[in-house]
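Line order of the protein sequences matches chains A and B. Add 230 to the 1-based position in the first sequence for the working numbering, that's all there is to it. Add 230 to the 1-based position in the second sequence for the working numbering, that's all there is to it. We treat Cβ as the ideally placed atom computed from N, Cα and C, and that holds for glycine. The next block holds one structure in the form of structure tokens; read it before the comments.
There are 2 protein chains.
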Amino acid sequence: MRKKTPVLPDDLEDTIRSWLDALPDNKKPTINDVARFAQVSKRTVSRVINGSTLVGEETRKQVSEIVTILGFEPDTQARGLAFRHSFLIGLIYDNPNPQYVVNILEGIQEALVDNEFELAVHRCDRSDPNFIEKARSFVERQKLYGVVLTPSASEDDRLAAMIRATGSEYVRVASVALDEPHRMIVSNDRLGGISAANYFAELGHQRIAYIAGPPTFRSSQERLDGFREGLAQAGLEIRPQHIFEGDYSFESGVGATERLLSLRVRPTAVFAANDEMAAGVLQAVRIRGLRVPDDLSVIGFDDFHIATSVWPRLTTIHSPTQEIGRLAATRLLSRRNKGGDASQDETEPWLVIRESVGPPPHEN
Amino acid sequence: MRKKTPVLPDDLEDTIRSWLDALPDNKKPTINDVARFAQVSKRTVSRVINGSTLVGEETRKQVSEIVTILGFEPDTQARGLAFRHSFLIGLIYDNPNPQYVVNILEGIQEALVDNEFELAVHRCDRSDPNFIEKARSFVERQKLYGVVLTPSASEDDRLAAMIRATGSEYVRVASVALDEPHRMIVSNDRLGGISAANYFAELGHQRIAYIAGPPTFRSSQERLDGFREGLAQAGLEIRPQHIFEGDYSFESGVGATERLLSLRVRPTAVFAANDEMAAGVLQAVRIRGLRVPDDLSVIGFDDFHIATSVWPRLTTIHSPTQEIGRLAATRLLSRRNKGGDASQDETEPWLVIRESVGPPPHEN
DNA sequence: CTGAAAGCGCTTACAG
DNA sequence: CTGAAAGCGCTTACAG
Numbered sequence: 231m232r233k234k235t236p237v238l239p240d241d242l243e244d245t246i247r248s249w250l251d252a253l254p255d256n257k258k259p260t261i262n263d264v265a266r267f268a269q270v271s272k273r274t275v276s277r278v279i280n281g282s283t284l285v286g287e288e289t290r291k292q293v294s295e296i297v298t299i300l301g302f303e304p305d306t307q308a309r310g311l312a313f314r315h316s317f318l319i320g321l322i323y324d325n326p327n328p329q330y331v332v333n334i335l336e337g338i339q340e341a342l343v344d345n346e347f348e349l350a351v352h353r354c355d356r357s358d359p360n361f362i363e364k365a366r367s368f369v370e371r372q373k374l375y376g377v378v379l380t381p382s383a384s385e386d387d388r389l390a391a392m393i394r395a396t397g398s399e400y401v402r403v404a405s406v407a408l409d410e411p412h413r414m415i416v417s418n419d420r421l422g423g424i425s426a427a428n429y430f431a432e433l434g435h436q437r438i439a440y441i442a443g444p445p446t447f448r449s450s451q452e453r454l455d456g457f458r459e460g461l462a463q464a465g466l467e468i469r470p471q472h473i474f475e476g477d478y479s480f481e482s483g484v485g486a487t488e489r490l491l492s493l494r495v496r497p498t499a500v501f502a503a504n505d506e507m508a509a510g511v512l513q514a515v516r517i518r519g520l521r522v523p524d525d526l527s528v529i530g531f532d533d534f535h536i537a538t539s540v541w542p543r544l545t546t547i548h549s550p551t552q553e554i555g556r557l558a559a560t561r562l563l564s565r566r567n568k569g570g571d572a573s574q575d576e577t578e579p580w581l582v583i584r585e586s587v588g589p590p591p592h593e594n
Numbered sequence: 231m232r233k234k235t236p237v238l239p240d241d242l243e244d245t246i247r248s249w250l251d252a253l254p255d256n257k258k259p260t261i262n263d264v265a266r267f268a269q270v271s272k273r274t275v276s277r278v279i280n281g282s283t284l285v286g287e288e289t290r291k292q293v294s295e296i297v298t299i300l301g302f303e304p305d306t307q308a309r310g311l312a313f314r315h316s317f318l319i320g321l322i323y324d325n326p327n328p329q330y331v332v333n334i335l336e337g338i339q340e341a342l343v344d345n346e347f348e349l350a351v352h353r354c355d356r357s358d359p360n361f362i363e364k365a366r367s368f369v370e371r372q373k374l375y376g377v378v379l380t381p382s383a384s385e386d387d388r389l390a391a392m393i394r395a396t397g398s399e400y401v402r403v404a405s406v407a408l409d410e411p412h413r414m415i416v417s418n419d420r421l422g423g424i425s426a427a428n429y430f431a432e433l434g435h436q437r438i439a440y441i442a443g444p445p446t447f448r449s450s451q452e453r454l455d456g457f458r459e460g461l462a463q464a465g466l467e468i469r470p471q472h473i474f475e476g477d478y479s480f481e482s483g484v485g486a487t488e489r490l491l492s493l494r495v496r497p498t499a500v501f502a503a504n505d506e507m508a509a510g511v512l513q514a515v516r517i518r519g520l521r522v523p524d525d526l527s528v529i530g531f532d533d534f535h536i537a538t539s540v541w542p543r544l545t546t547i548h549s550p551t552q553e554i555g556r557l558a559a560t561r562l563l564s565r566r567n568k569g570g571d572a573s574q575d576e577t578e579p580w581l582v583i584r585e586s587v588g589p590p591p592h593e594n
């Protein structure tokens, strides 16, 4: 057992503490104070702050102890100025679904715990002719270390190009690879479409409809493609007149379903590209005096809160949104240490069975 | 008509442009470049950037023109270092409702358009023993210019005290005044409770129930107090056994309603402290084989998206959440120019009549 | 109305 | 393994 030698003489600690007490409220200890008390140069203090390996073990201990006593926290602004970037991760979003946004927000914050980074947010509007300029101003003025882009903003190549030009890192969240692998978190929505198709097919459905999201969201197309692929595996296909246009809103789900129910030969099952629209399906069916799943089976996508607060509860495809946010931020930050590895993160959605799907009704 | 004298000689502009072209991609013009081309000191350039009045009209024009040609944008980090605060407004939140959070987010961003500020967010958890420390780290490391607090975090006096100690500005959003007037945006939820009571009373309801939110949210108490006050105006009162505990979640609305419906003498109307729980009421009533509003009338609170995506659509109290966010950020920023005026911003919720309320059923 | 100089609190080639 | 000095890009008492 080695004897632990006290790193600091007691009276030094006392000196520091009384110096601290005398410090005005609006002042905080700086790197210079640490250097002075530790009797090293600020260069060395900087080294231990930044975890440089080129510091003697004894020196590091000494400095660390002073840092602790002083409660020293390096000034983020000053570091940012010297490093030429801030300690901020940005989120640029335009998804109108609050739960999506909040899930992403929380996933990112999860990844930011215990490091010096914080999260700044910027909502953009792709229909605004100046949205790129506004986003650029967000990224550039705050000198963001990195930014995560979510759909549909993430699908805009000009946006991505603009960020690259600023020199900030970025990661795009999307349902398909749109960029270099290390810049992508892809949510394999196609797989979700396949699962939905398989489930309908297993139960014996033949006439099956799809309610699409807005064409500006790539996810809607991916979900449809997967759905078709799954149906094909069972020798089924979806007829053109059974594809309805929606825009991911509840109301558009209602509207599409009204058209669907007016068909002479009605589909027995419908896959809605998100839960909001699936909830709209439920409502439209009820208004028509019909029932889910007896008259029409429905599968949604997302598995957000709404899926369990409607009746019957939605069978749906669960997508791990918060996890996606966490992965995106983690990847951004990981580029600090290792140089960007080439792998691409991918998440897979899965089927959650609840009460909105049953076997097709008997033909009369 | 005065002849407009060109402020800059043509060849100067050419010189600047070719200098710009020669600038490496990772470099941007600084205040020094502006000063050099404008042939003034950087002190003067700083003055025009910050809108000081102590600058000659001609000088200002000259400098502004150079700024435009160069596309000069002052470095936020550097200004922050000199000003001792960043150009960031922080949001500290813990409200679990995504729509609430997103509405506040967007209200704040509305207020931040066309100024140099951006929004940073921090979710906190009051049940975490270190939540104050974590929030302090957020505020202090980023040297936030100001922070807005939303319920229930806003109701925590220790949190507010901590922020005051850091020297950052803050504004609290709450349903009642908890701090100096200039630090409050109060949403007068009590008024909403009164409106709900009046509406029930008008239609002739007598046995009326309340489903409360969590006791940690002051709003739940305010809504109940207002509700009681409104009932009293009509000579009515709410019986103790007709007050049900909820926690603002859909599930708790279901649970409370199950208890409510099991009563031998059932209330004919219920005021749920938010829309989520009101949607839960709807579901529980339906499961029981009863109907809204025929068997039970229900009023919610918030008027979030869910209010119109359930059936029947909810009669509810609309609270202008986004506006509240905008007011909070505007107030924070307004303290830059004028010294804090003493007034207190207050918003008033209002009744939105839809289909979930009817006259009480006839007694048998 | 305008400016030279110091300061905000860090990091970094370079030298040793 | 360690340091003196310059630099990041701004603002600000003070003087004139």
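Checking contacts by CB at 8 angstroms: is residue i closer than that to chain B?
{"i": "V332(A)", "result": "yes"}
{"i": "S316(A)", "result": "yes"}
{"i": "P443(A)", "result": "For clarity, residue 443(A) is Gly in the given sequence; the question names Pro instead. No, G443(A) does not count as interfacial toward chain B."}
{"i": "P328(A)", "result": "yes"}
{"i": "A365(A)", "result": "no"}
{"i": "G569(A)", "result": "Low per-residue confidence applies at G569(A): pLDDT is 48, beneath 50, and the placement is therefore not dependable, though the value from the model is reported in the following sentence. It does not; no Cβ of chain B falls within 8 angstroms."}
{"i": "H352(A)", "result": "yes"}
Report the rounded CA-to-CA distance for residue i versus residue j, giving the unit in angstroms.
{"i": "I334(A)", "j": "A391(A)", "result": "22 angstroms"}
{"i": "L520(B)", "j": "G434(B)", "result": "20 angstroms"}
{"i": "D533(B)", "j": "F267(B)", "result": "56 angstroms"}
{"i": "S316(B)", "j": "L349(A)", "result": "14 angstroms"}
{"i": "D251(B)", "j": "K258(B)", "result": "11 angstroms"}
{"i": "R309(A)", "j": "T446(A)", "result": "40 angstroms"}
{"i": "P359(B)", "j": "A365(B)", "result": "12 angstroms"}
{"i": "I261(A)", "j": "R247(A)", "result": "16 angstroms"}
{"i": "K233(A)", "j": "D241(A)", "result": "In this prediction, K233(A) has a pLDDT of 38, which is less than 50 and means its spatial position is unreliable; what the coordinates show is noted afterwards. Each residue's Cα considered, the two are about 21 angstroms apart."}
{"i": "A464(A)", "j": "R458(A)", "result": "10 angstroms"}
Within 8 angstroms of any Cβ in chain A, is that where the Cβ of residue i sits?
{"i": "H548(B)", "result": "no"}
{"i": "E336(B)", "result": "yes"}
{"i": "V416(B)", "result": "no"}
{"i": "E346(B)", "result": "yes"}
{"i": "Q372(B)", "result": "yes"}
{"i": "Q513(B)", "result": "yes"}
{"i": "P236(B)", "result": "With a pLDDT of 49 at P236(B), under the threshold of 50, the modelled position of that residue is not reliable, and the figure given next carries that caveat. Not closer than 8 angstroms to any Cβ of chain A, the Cβ of P236(B) fails to qualify, so no."}
{"i": "R516(B)", "result": "yes"}
{"i": "Q339(B)", "result": "yes"}
Let me check you understand the geometry: is the CB of residue i closer than 7 angstroms to at least one non-hydrogen atom of the ligand SAM?
{"i": "S382(B)", "result": "Among the components of this structure there are no ligands whatsoever, and the ligand SAM is therefore not found."}
Do the CB positions of residue i and residue j come within less than 8 angstroms of each other?
{"i": "P523(B)", "j": "A439(B)", "result": "no"}
{"i": "V331(B)", "j": "V332(A)", "result": "yes"}
{"i": "I319(A)", "j": "G376(A)", "result": "yes"}
{"i": "S479(A)", "j": "P579(A)", "result": "no"}
{"i": "R402(A)", "j": "G456(A)", "result": "no"}
{"i": "G337(A)", "j": "G588(A)", "result": "no"}
{"i": "D305(B)", "j": "C354(B)", "result": "no"}
{"i": "R437(B)", "j": "E385(B)", "result": "no"}
{"i": "Q329(B)", "j": "H535(B)", "result": "yes"}
{"i": "V264(A)", "j": "V285(A)", "result": "no"}
Just to make sure I have the definition right: I need the residues of chain B whose C-beta is within less than 9 angstroms of the C-beta of residue i. Which are they?
{"i": "G397(A)", "result": "D255 and N256"}
Along chain A, in chain order, which residues have C-beta atoms closer than 9 angstroms to that of residue i?
{"i": "L311(B)", "result": "D305, Q307, A308, G310 and L311"}
{"i": "Q552(B)", "result": "The premise fails here: Q552(B) is roughly 12 angstroms from chain A at the closest Cβ pair, so nothing lies under 9 angstroms."}
{"i": "A391(B)", "result": "Under the 9 angstroms cutoff, chain A gives no residues; its nearest Cβ is about 13 angstroms from A391(B)."}
{"i": "F480(B)", "result": "H535, T538 and S539"}
Since residue i meets chain A, which of its residues come closer than 8 angstroms, beta carbon to beta carbon?
{"i": "A509(B)", "result": "S539"}
{"i": "F368(B)", "result": "E348"}
**Item:** Segment contact, 8 angstroms Cβ cut-off, at least three pairs: the region 412-419 of chain B with the region 466-475 of chain B
**Value:** no
**Request:** Please confirm if the region 374-381 of chain A is in contact with the region 519-528 of chain A, defined as three or more CB-CB distances below 8 angstroms between the two stretches.
**Result:** no
**Asked** Does the pairing of the region 535-553 of chain A with the region 506-514 of chain A give three or more beta-carbon distances under 8 angstroms?
**Response** yes
**Asked** Using 8 angstroms as the threshold, is the region 273-283 of chain A in touch with the region 342-349 of chain B, meaning 3 or more CB pairs across them?
**Response** no
**Asked** Quick one: any contact between the region 445-461 of chain A and the region 490-506 of chain A, if contact means 3 or more CB pairs under 8 angstroms?
**Response** yes
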